[in-house]
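**Q** First the structure, then my questions, so here it is.
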């Protein structure tokens, strides 16, 4: 919030307000939460770097199942962020136009409303895991951040 002791520039990379396909996920959650305790996690190509998905799949710390209660917590998060008061902060926001994880077409207008003049950099062809993107895409958004943070 505005009274936060944290100083400096805020940078949001592919920020989550709500995920892509939230309406169906939310409906499924409310219908099945009493019967299903967890669902299998689907891994997808969230980066243009060809080695990233194999890295995730080989990572023993990546959960293979998603607890149903996590979806309930996500529902509370979405409600909380969408009802949050406006902040005087002006973050830098980097968003990939090929991001299939977050609903960025919904999220960016929400964030524009929640913050005072956020600076948004749309990264053509970039997916969700921006810091794990191809070197060319990473260089483009790091240049944007460097120019803005001077």
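Numbering (the working numbering), first residue to last: -11 to 138. Cβ atoms here follow ideal geometry from the backbone N, Cα and C, with glycine treated the same way. Please read these numbers as outputs of a predicted model, since none were measured by experiment.
Tell me which same chain residues have a C-beta within less than 8 Å of the C-beta of residue 139, skipping the five on either side of it?
**A** This structure gives no information on residue 139, because the portion of the chain shown stretches from -11 to 138.
**Q** Please say whether residue 53 and residue 29 have beta carbons closer to each other than 8 Å?
**A** Yes; because the gap between Cβ atoms is below 8 Å, this pair is in contact.
**Q** Reducing DSSP to helix, strand and coil, say where residue 101 ends up.
**A** Residue state, collapsed to three classes: helix.
**Q** To which residues does DSSP link residue 107 through a beta bridge?
**A** The partner list for residue 107 (beta bridge, DSSP) reads 80.
**Q** Taking C-beta to C-beta, are residue 84 and residue 118 nearer than 8 Å?
**A** In this structure, residue 118 lies closer than 8 Å to residue 84 by Cβ.
**Q** Excluding five sequence neighbours on each side, which residues of the same chain lie with their C-beta closer than 6 Å to the C-beta of residue 4?
**A** Cβ neighbours of residue 4 beyond the five flanking positions: 90.
**Q** Looking at the structure shown, is residue 119 part of a helix, part of a strand, or coil, going by DSSP?
**A** In the structure shown, residue 119 sits in a helix (DSSP, three-state: H, G or I).
**Q** Can you tell me where the beta strand (DSSP E) with residue -2 in it begins and where it stops?
**A** Segment: none, residue -2 is in no beta strand (DSSP E) and carries neither H nor E.
**Q** Determine contact between the segment 59 to 66 and the segment 11 to 22, defined as no fewer than three beta-carbon pairs at a distance below 8 Å.
**A** Result yes; three or more Cβ-Cβ pairs closer than 8 Å.
**Q** Does the Cβ-Cβ distance between residue 21 and residue 66 come in under 8 Å?
**A** No, the Cβ-Cβ distance between residue 21 and residue 66 is not below 8 Å.
**Q** How long is the line joining the alpha carbons of residue 97 and residue 104, rounded to whole angstroms?
**A** In a straight line, the C-alpha of residue 97 is about 12 Å away from that of residue 104.
**Q** Restricting to Cα atoms, I'd like to know which of 109, 87 and 95 is closest to residue 120.
**A** Looking at the Cα atoms, 87 is the closest of the given residues.
**Q** Does DSSP classify residue 37 as helix, strand or coil?
**A** Reduced to three states, the DSSP call for residue 37 is coil.
**Q** Residue 133 and residue 99 - do their beta-carbons sit closer together than 8 Å?
**A** No; because the gap between Cβ atoms is not below 8 Å, this pair is not in contact.
**Q** Please report the straight-line C-alpha distance between residue 112 and residue 122, rounded to a whole angstrom.
**A** Straight-line Cα distance between these residues: approximately 12 Å.
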